[in-house]
Every structure is written in C-alpha cells, then in structure tokens.
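To keep things clear, I will list the structure first and then write my remarks on it.
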Amino acid sequence: MAQATIDSGRRWPRGRARRTPGAALGRWSLRGVALLYLGLFILLPVAAILQAGFSDGLTNLRDALDSFGAKGAIELTLIMAAITAVVNGVFGTLLAYVLVRIPFPGRSLVSTIVDVPFAVPTLVAGVMLVALYGPNSVVGGWFDDHGIHVIFARPGILLALLFVTLPLVVRSVQPVLLELDLAEEEAASVLGAGGWTTFRRVVFPALRPAIAAGALLAFARSLGEFGAIVFVSGNIPNETLTAPVLITQLLNPSSFGSSGGPDQAAAVAAVLFGISAVVVLVTEHFVSRRSTERSFA
Amino acid sequence: MNRLQVSPKGVKSSLKAGALVASVAVLSVAAAACGGSSAAAASGGGSGPCKPASSPILTLAAYSNPYDAYGKLTSTFASDWKDKHNGQSLIWQMSFGGSTTQAQNIVNGFPADVYASSTATDVEAVQKAGLITHDWTSDQDGSIVATSLVGFMVRPGNPKGIHNWNDLTKPGVKILTPDPAQSGGARWNIVAAYGAAMRGEVPGYKANDPADAERLLEGIFKNVTVLDKSANDSFKNFEAGNGDVAITYENQALAGIAAGSDDQFVIPAATVSIQTPTVVVDKNAAGHCVAPIVDAFVKYLHTPDAQDVFQSVGYQRPIDVKEAAKGSDGYPPVQDLFTTEDLGGWDQLVSDTVFGPDGAFTQAFKAAKG
Amino acid sequence: MVGVALLYVATLLVAPLVGITYYGLKAGLGTIGDTFQQTDVRHAFYLTFVIMAITVVVNTVFGVVVALVLTRDRFPGKRLMSALVDLPLAVSPVIVGLMAILLFGRGGWFEAFFAAQGIQIIFALPSMVLVTIFISIPFVIREVVPVLEELGTEEEQAAWTLGASRLQTFFRVTLPNIRWGLLYGIALSAARAIGEVGAVLIVSGALQGQTETATLYILRAFDQYQDAQGYVVALTLALFSIVLLIGIETLKHRSSREAR
Numbered sequence: 001m002a003q004a005t006i007d008s009g010r011r012w013p014r015g016r017a018r019r020t021p022g023a024a025l026g027r028w029s030l031r032g033v034a035l036l037y038l039g040l041f042i043l044l045p046v047a048a049i050l051q052a053g054f055s056d057g058l059t060n061l062r063d064a065l066d067s068f069g070a071k072g073a074i075e076l077t078l079i080m081a082a083i084t085a086v087v088n089g090v091f092g093t094l095l096a097y098v099l100v101r102i103p104f105p106g107r108s109l110v111s112t113i114v115d116v117p118f119a120v121p122t123l124v125a126g127v128m129l130v131a132l133y134g135p136n137s138v139v140g141g142w143f144d145d146h147g148i149h150v151i152f153a154r155p156g157i158l159l160a161l162l163f164v165t166l167p168l169v170v171r172s173v174q175p176v177l178l179e180l181d182l183a184e185e186e187a188a189s190v191l192g193a194g195g196w197t198t199f200r201r202v203v204f205p206a207l208r209p210a211i212a213a214g215a216l217l218a219f220a221r222s223l224g225e226f227g228a229i230v231f232v233s234g235n236i237p238n239e240t241l242t243a244p245v246l247i248t249q250l251l252n253p254s255s256f257g258s259s260g261g262p263d264q265a266a267a268v269a270a271v272l273f274g275i276s277a278v279v280v281l282v283t284e285h286f287v288s289r290r291s292t293e294r295s296f297a
Numbered sequence: 298m299n300r301l302q303v304s305p306k307g308v309k310s311s312l313k314a315g316a317l318v319a320s321v322a323v324l325s326v327a328a329a330a331c332g333g334s335s336a337a338a339a340s341g342g343g344s345g346p347c348k349p350a351s352s353p354i355l356t357l358a359a360y361s362n363p364y365d366a367y368g369k370l371t372s373t374f375a376s377d378w379k380d381k382h383n384g385q386s387l388i389w390q391m392s393f394g395g396s397t398t399q400a401q402n403i404v405n406g407f408p409a410d411v412y413a414s415s416t417a418t419d420v421e422a423v424q425k426a427g428l429i430t431h432d433w434t435s436d437q438d439g440s441i442v443a444t445s446l447v448g449f450m451v452r453p454g455n456p457k458g459i460h461n462w463n464d465l466t467k468p469g470v471k472i473l474t475p476d477p478a479q480s481g482g483a484r485w486n487i488v489a490a491y492g493a494a495m496r497g498e499v500p501g502y503k504a505n506d507p508a509d510a511e512r513l514l515e516g517i518f519k520n521v522t523v524l525d526k527s528a529n530d531s532f533k534n535f536e537a538g539n540g541d542v543a544i545t546y547e548n549q550a551l552a553g554i555a556a557g558s559d560d561q562f563v564i565p566a567a568t569v570s571i572q573t574p575t576v577v578v579d580k581n582a583a584g585h586c587v588a589p590i591v592d593a594f595v596k597y598l599h600t601p602d603a604q605d606v607f608q609s610v611g612y613q614r615p616i617d618v619k620e621a622a623k624g625s626d627g628y629p630p631v632q633d634l635f636t637t638e639d640l641g642g643w644d645q646l647v648s649d650t651v652f653g654p655d656g657a658f659t660q661a662f663k664a665a666k667g
Numbered sequence: 668m669v670g671v672a673l674l675y676v677a678t679l680l681v682a683p684l685v686g687i688t689y690y691g692l693k694a695g696l697g698t699i700g701d702t703f704q705q706t707d708v709r710h711a712f713y714l715t716f717v718i719m720a721i722t723v724v725v726n727t728v729f730g731v732v733v734a735l736v737l738t739r740d741r742f743p744g745k746r747l748m749s750a751l752v753d754l755p756l757a758v759s760p761v762i763v764g765l766m767a768i769l770l771f772g773r774g775g776w777f778e779a780f781f782a783a784q785g786i787q788i789i790f791a792l793p794s795m796v797l798v799t800i801f802i803s804i805p806f807v808i809r810e811v812v813p814v815l816e817e818l819g820t821e822e823e824q825a826a827w828t829l830g831a832s833r834l835q836t837f838f839r840v841t842l843p844n845i846r847w848g849l850l851y852g853i854a855l856s857a858a859r860a861i862g863e864v865g866a867v868l869i870v871s872g873a874l875q876g877q878t879e880t881a882t883l884y885i886l887r888a889f890d891q892y893q894d895a896q897g898y899v900v901a902l903t904l905a906l907f908s909i910v911l912l913i914g915i916e917t918l919k920h921r922s923s924r925e926a927r
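Read top to bottom, the protein sequences are chains A, B and C.
Residue 297 is where the first sequence ends in the numbering used here, and the numbering goes up by one at each step.
Residue 667 is where the second sequence ends in the numbering used here, and the numbering goes up by one at each step.
Residue 927 is where the third sequence ends in the numbering used here, and the numbering goes up by one at each step.
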C-alpha cells in the first residue's frame, strides 16, 4: 500500500494554512488525549512500581532475590516462557497454515476454538487442566504410573502456558498468510517445488517476522501468567515456583525469614516487567506487524 | 504516513471532539469514584464527628477456614442486635482468605472492622501497622475465640501407616501442606512438628534438640509436593485425590468428613493447640463509626451461644487447653497437647527458633528444596 | 499435517472446554437454576457486568483516539507509544494489582487525596475498574489500527474537501469503515474484562456480595465445597465470551461478503 495523497491540483501556500493555531490545537488535542490516557493508565503505574522497587537503590532487589526460591523462580519462569514461545511458535504457525491454506470440514469451528483461551478465565483453565490431567484423572493417572508427572510439576506449567498463548501466535501469523499472494506459491509448484520446499523457500521467509512477533508476545505473556499456573504448578520453591507467584508471596512479610513487603515485591515485579517491556519493544521495533512492510519482504 | 489535515471548519469540530472525549473521561472516572464514595458514605466514613449510619456496614476479614461459622455468627448477631436496638439493621460484609494475606490486605488499606486471624503473628502485623491500638492479648480468653489442633488427613484405612510425625518422612509419602508465606495454617503445621520433636514425643528425635527438630522438618518437606495458598485450598486439593496425607486442622478434617469424605483424621501423640484470635481493628472501626457494634460482636463470640456455633463446625474442643486434651464425644484425647507459649511464644518462634533466618524451618526448607 | 494440528488443538484447547461444559452441566438443571437464584451469584454477575461495561466504554473511546493518532499522525516517539499500547498484554496481572496497591493503598501515592474526599479506591469498585481497564487497553487499539491503515484517508479527505467537519467525517465516514474491527476489539476487550482474576483478586479484598466478581466467586465456590456452582458460573462466563466472539466474527464475514 503506497502513500496515498490526493492531488487536488490546489497548492496551499506553505506556512499559514497548515500552521494556524487552530490546526495545531486540533492535532494536539487528539494527541494530548491519547497521551493522557496512556500516560495515566500505563506510565503512572509503571512509575509507581519502579519507585517502590528502587527507592532504596538495589537493596530491595537484593533482599528479594536472597529470599528463598527467588532466583530459582525467575530462572524457571524465563525457561518456561522460552519453551512455550518455541513450541507454540511451531504449532501456532502450523495451525495458522492449516486454517488458511487447507480447506477441511469444520475449519471455521476450529478457527473459533483457537480464540477460546481469550474467552476462558485463566483460573478456570487451571482448574480444568488439573481435573483433566491431574494425578486423579484417567489421563494423568496413566502418566503418573509411568513416572511422568504432569500436574504439580513442570510439564503442568508448560501445558498451562501453551493453552494461554496459542491464540497469540496463530492470530499473529494468520493475517499475514491471508495476505500472501497465492500466485507465488503456485508458481513455485508449477516450477516443480514440493510442498515442503515451497513452504521453506517461499512462504516461511515472508512469515518470519509475524512468527517472531507472535512467539515474542507469547514469551512476554508467559512471563506474567498467574491464574492458570497457581493452580497447576504446586508452587514449590526451586521446583515449580514461578516469578508471578513469588511476587504474591513477597507481598506478605516474614516469608521464610526474609522481610518481604511490597517494596521487595515491587523490585522483582520491576525486573520481570522490564524483561517483558524490552521484549515488547524489540518486537515493535524490529518486527513490524504492519501490513505495509511485512508482505513481499 | 498521512498528516492530519485540518480545514478552517475543522478547528471547531476537533475542539468539539476533544471536549466530547474529555467529558466521557470525566464521566467514567466519576462513575468509578461514585461506586466507591457511596459505599464510604453508607458506612458513615470520613473524618469528623462520628455519625453512625442508620444501617451500619460492618466489614469482617477472616482466614479461609471458618466461613460457615462466621456466616451463622454474623447473621445471628445481626438479628439479636435488631431486636435489642429498635430494629437497627446491620449489614455484614465478609471476606475469607489466607490469614497472612488478609493481614497484609488490612495493612494495605482493606477497611476491615474485625479481623478473624488464624495466628497471633498475623494480628501482630496489623497491630504493628498501627491499626490495632488496644491490648488484645489481655482481653477475654486472650482474644482466642476457637481452638483446634493439627493432625493428619489420610486415605481410608491409612494405607501408608501414618501415626506420628516421623511417619511423614518415610520415602514415597506425598504430603500436602499450605504455603507458610501466605497461610497462617501452614505455620501452625510447622510449629506442631517442631514442638512435638522438641518435647521428645517423636520416635527417633531427641527432645530439646533444635538440630533434630530441623532434621524432622527437612524430612517432612522433602515429601511435600504442593504448597497451596491457603489451608482451605490445601485441604480441597487433598480431597480431590492428590497426595497421601494432608497436614491440616481438626475442624477442617471434620468438616470434610461431614461433607461426605471417606478419609480419616489421625492425631499424633503430640501436637499444638491452634488458637485463633479474633480482634477489632480499632482504627477502621473508629473511622467507620461502628466501634461499639463490633466490640459487642467480639464479646458475643466468647458467649456459650457463639461457642456452640463454633463447635457445630468442628471447633469442639474447649478454649482451655487441659480440657481440650481430654477430648470428648468424637474428639479423641490427645496425649500431649501443647501451646505456642510452651515453646517460648510466637515472637520467639517467628523471629528466631523456627522461622528466623537460622530457624529450624528456614534451614530445613532450604535443605529440602535447595 | 491437518491431523497433527487438530490433535494439538484437541488436547490443548478442546479438552478443557469440554471439561468445563461437562462438569457445568453434570450438576443438572436444578442446581443450575438454584445457582442463578443465589444473591451472591447474581451480584457477582452484576458486578462483573458493570466493570466490563465501564472498561469497554473507556477503552473504546480512548482506544479509537489512540488508534487515530497512531495511524494518522506523525511525531517523534510514536513508535514508543505503539509499544506502550502492547505493554499490558505482557504484564502479569499480579503486577497490575501491586501497581494499584502502590498507588492507592495505605501510604500510596494518591491515598491521602482520596481518603480526604472519603472515597475508597483500593479494595473497592474503583480499583477493580482501573486494573481491568489497564489489562484490556490493547484490544480495541490492536484491532482498529490495521483497519485504519488499510483504509487510507482518501474517503476522509474527500469528505473534508466536500466541506464536512472533522466530527462529521469521523462519524459518517471513518466509524462505519472501521466498525467490524472496532466491534471485534470491543468483544475481545469485554471477554478479557470478564475473565480477569489475578489483578482483581489482589485489589478487591473479595468481599462477598460486594466486591466479588464472577471469577472471584468461582474461586470461593471451589474453596467452600460448592464445586457445582463454581462450574456453572465458569461455564456461563466462557459461553458468554465465546458467543460474543462468534457473533461478531459471523457478522463480519457476512458483511464482507456483501460489501467487497
């Protein structure tokens, strides 16, 4: 989509017509409202967290990290988020491709089902995962007997995260796929390329930014997931305790001998938040989701 | 990208647009605030001379366990009050959650007038924040309204043979207990194990030996598979079929059995008497102009009628420890029922011997889970 | 390939959905009816609805403004604004709750101001609305921006040159053109708002019949041996959101088949 300008043939004198105080006011009032809204609702709370967490310099952060299980929790959260991003990056793309390119009965139903995690409250998802795959269930019991622990162990956390983040990847890739010109793929197959080669050489390069964007968003989302995880993980420090649950624990003083308190919770929250923010910024800067740039890259 | 183009007429309309947006903003914030202020007005809040509302709103924050009991107690109290006070209706608002979480919420601004805690430590946290100004430990019964004790919930027939604290350390036993960072109940469980070991009532562990007590706790926590956020959550988890044994309160076990559970409750030779205090939060009660009412409520909790209600939900043991140890119908006697006072008091337990930086539990937990 | 994709979806998404439906309906119509008769359940639904309504209105109005600014305006730092919009998607609800406590709790930045007015923000409705607004900010904006970009400004410029005012242009030209994206964004925003639990749990204090939303009720129901009721409410919430999303999706397909 190129820059659209209407050339009416009229030439406005430079300067006054475009820079009347009124024009500027109009532009600025809209901008102002947008900035006020985002500033009040997003920047202000972020500032509060940063202030509470770092008012004492790095003391709060150090004390919080010293508290038992804290470092393990952050490490676990990062690893789980990374695995989720990769797994759903693959399956999400696969699903998007299937939904867009392959007609099969029930396709629109599946498409709607993909949005289910957006509609189901996270804690309900957690409860259901425990009921379906917990040690007491048919499936979970079978796993348990064979020494594989799903719920109340790390695989359970992964399951919850995969559930919650799948639509993020699919809905990031799907629109791009829809826009891709089939002609290129058809040309490739006419020239003798097999399905997989076509995908690898023609489709995938065009999808790469969208896949990366979706996966990064899934990563950032996984860092913060609370509702589903607090039910399925067991919350054992250094084993299944994640950073968001750790933050709730830090809010209460006297956790395992450390002083705890909102300031320490804020310090860890700030770190977690910082990582998420960086991920989002990177996604925004290098991986544009705008249709102008992503297709025919 | 295209610039915002503005025609001369556009100035007025963009200002109009801005005004429209701004007024929506103001209205929304006002709507949200109105929801808050009407609640405040109804409770006669704010500073200035106390004018109690015609229908005072009383707020109770309680730990997770006794929702049944307080449901009945608050409604009975409200109807009694109505009879004795010219038909004045009381409106009770209740919140139930992990005891420590509730304490922290109150410290953070939750407007509770009464705090029903599961441990003295949590009450002290609220007191330290300046919200409780009277000496509650000298009140009737030391402010304790109900007692229970710590024991083990096991599967029917006790297949793993859990009878005493050392049985919990057997390999392969999966234990459920709540998270000490969020639940007062969790800390009672830990103190019970610690106390039993220190008093020499656990086979294989020497009396008065902190290192041995630590060894017991380590063995137990090596077997803990889930740390739920409240005593209630932990118990429900067990009832759902997870784990071999849940360390829990007697009243919770009895409630579960009454609700149809086939699981059994086992009391070890030595265990701690759980003493749960309920205290008026002076600052909030004064601010809401309901202090006389909630004072009366707390006094009511110590009356035989109220005690009957507690007993009906499983807090059958008398507040007096010696009497409680004797047991009664459906409540087996306990060989050694001790209190936190016997162990040096909560302060010492929390800051030093058990939960302090070098405390038995702190060290044991690190060793078990590190 | 279809098989693999479907299997993944089935295990991960369908199974839990079926599970909720099964457990929700297992209770039988009698219990379902009783659940909806309970005062605290009705109040919880009412509260959830109120919070959702306020959230949706605020985020729609301001979201459209932000979307317009992002696509039609040009100024330094616009990229930053765009990233800011995506931030709530990545922030843990726990952190959002903590933010509210830091701002409005005892000793918080604005606590003294509101306390002097006698307005309770934290552990009351206002803070619940505020955190819900925060977490659903991105949805309307993310749906409307691509539509606005695709649209271009030809029609709007045409309207201006024909003498329409900005406001007229917005309501007569822009709005109708973005309506499907906008509606879908509103639906997503609504679904997210009614499903919020983490942040609301921290700031509400869970006062039964007062600050207990439908999701918080579910938490309590499972806590207090009322599993059946919990599943019924959970199923209701899920169904409402799904129906909303499907509805918009269907209408959109139908209209796009007519229009283009």
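Glycine included, each C-beta is placed from N, C-alpha and C at the ideal position.
From a predicted model like this one, the values you see are computed outputs, not experimental measurements.
Around the beta carbon of H585(B), 16 or more other beta carbons lie within 10 angstroms, which makes this residue buried. Of all residues in the stretch 521-536 of chain B, only V521, T522, V523, L524, D525, K526 place a beta-carbon less than 8 Å from a beta-carbon of chain A. Judged by DSSP secondary structure, W462(B) falls outside any beta strand (DSSP E); it is assigned neither H nor E. Per DSSP, A359(B) is one residue of the beta strand (DSSP E) stretching across 354-360.
For Q875(C), no alpha helix (DSSP H) encloses it, and the DSSP letter there is neither H nor E.
A buried status is given to M795(C), since no fewer than 16 other beta-carbon atoms sit within 10 Å of its beta-carbon. Shortest Cα-Cα distance from F104(A) to any of A782(C), V669(C), T880(C) involves V669(C). Listed in chain order, the positions of the stretch 396-416 of chain B with a beta carbon within less than 7 Å of a beta carbon of chain C are N402, V404, N405, G406, F407, P408. When Cβ pairs closer than 8 Å are counted between the two stretches, the stretch 36-49 of chain A is seen to touch the stretch 749-765 of chain C, the count reaching three or more. If you look at A567(B), you'll find it in the beta strand (DSSP E) that goes 567-577. Judged by DSSP in its simplified three-state form, Y898(C) adopts helix. In summary, the residues of the stretch 668-691 of chain C whose CB is separated from some CB of chain A by less than 8 Å are M668, V669, V671, A672, L673, Y675, V676, L679, L680, V681, A682, P683, L684, G686, I687, Y690, in the order they occur in the chain.
Annotation: the continuous alpha helix (DSSP H) that includes A881(C) extends over 881-890. Shortest Cα-Cα distance from A160(A) to any of L792(C), Y675(C), L679(C), L673(C) involves L679(C). For A213(A), the enclosing alpha helix (DSSP H) stretches over residues 204-224. Apart from the 5 residues on each side of it in sequence, T706(C) sits with its Cβ closer than 8 Å to the Cβ of G876 in its chain, given in chain order.
The beta-carbon of T165(A) is placed no less than 8 Å from the nearest beta-carbon of chain C.
Just so you know, the alpha carbons of S55(A) and V268(A) end up roughly 13 Å apart. DSSP places S531(B) in no beta strand (DSSP E) but in the uninterrupted alpha helix (DSSP H) bounded by 528-536. Contact annotation: the stretch 614-625 of chain B does not touch the stretch 386-404 of chain B, with fewer than three C-beta pairs closer than 8 Å. Considering only S361(B), Q561(B), T650(B), V631(B), the residue with the shortest C-alpha distance to E498(B) is V631(B). Contact note: K663(B) reaches chain A through F68, using a C-beta cutoff of 7 Å and chain order.
Not one beta carbon of chain B lies nearer than 8 Å to the beta carbon of F54(A). Here W433(B) carries a helix assignment [DSSP, helix/strand/coil]. With the criterion set as a beta carbon lying under 9 Å from some beta carbon of chain C, the stretch 476-500 of chain B has no members that meet it. For G394(B), the C-beta contacts it makes with chain C under 8 Å involve A873, in order along the chain. The beta carbon of W643(B) sits closer than 8 Å to the beta carbons of T416, A417, T418, E421, T637 from its chain, once the five residues preceding and following it are set aside; these are given in chain order.
Contact check for G865(C) and V761(C): beta-carbon distance about 5 Å, within the 8 Å limit, so the pair qualifies.
Under the 10 Å beta carbon count, A187(A) is surrounded by fewer than 16 other beta carbons and is classified as exposed. H285(A) reaches chain C at R746, A750, counting residues in chain order whose Cβ is nearer than 8 Å. Under the Cβ criterion (8 Å, minimum of three pairs), the stretch 554-571 of chain B counts as touching the stretch 437-452 of chain B.
In the structure shown, the three-state DSSP call for M450(B) is strand.
Per the coordinates, the alpha-carbon of S749(C) lies some 7 Å from the alpha-carbon of L737(C).
Under the Cβ distance rule, Q390(B) counts among the residues neighbouring chain C, one pair being separated by less than 8 Å.
If you ignore the 5 residues before and after L850(C), its C-beta comes within less than 7 Å of the C-beta of I915, all in its own chain and listed in chain order.
Under the DSSP assignment, Q705(C) falls outside any alpha helix (DSSP H); it carries neither an H nor an E label.
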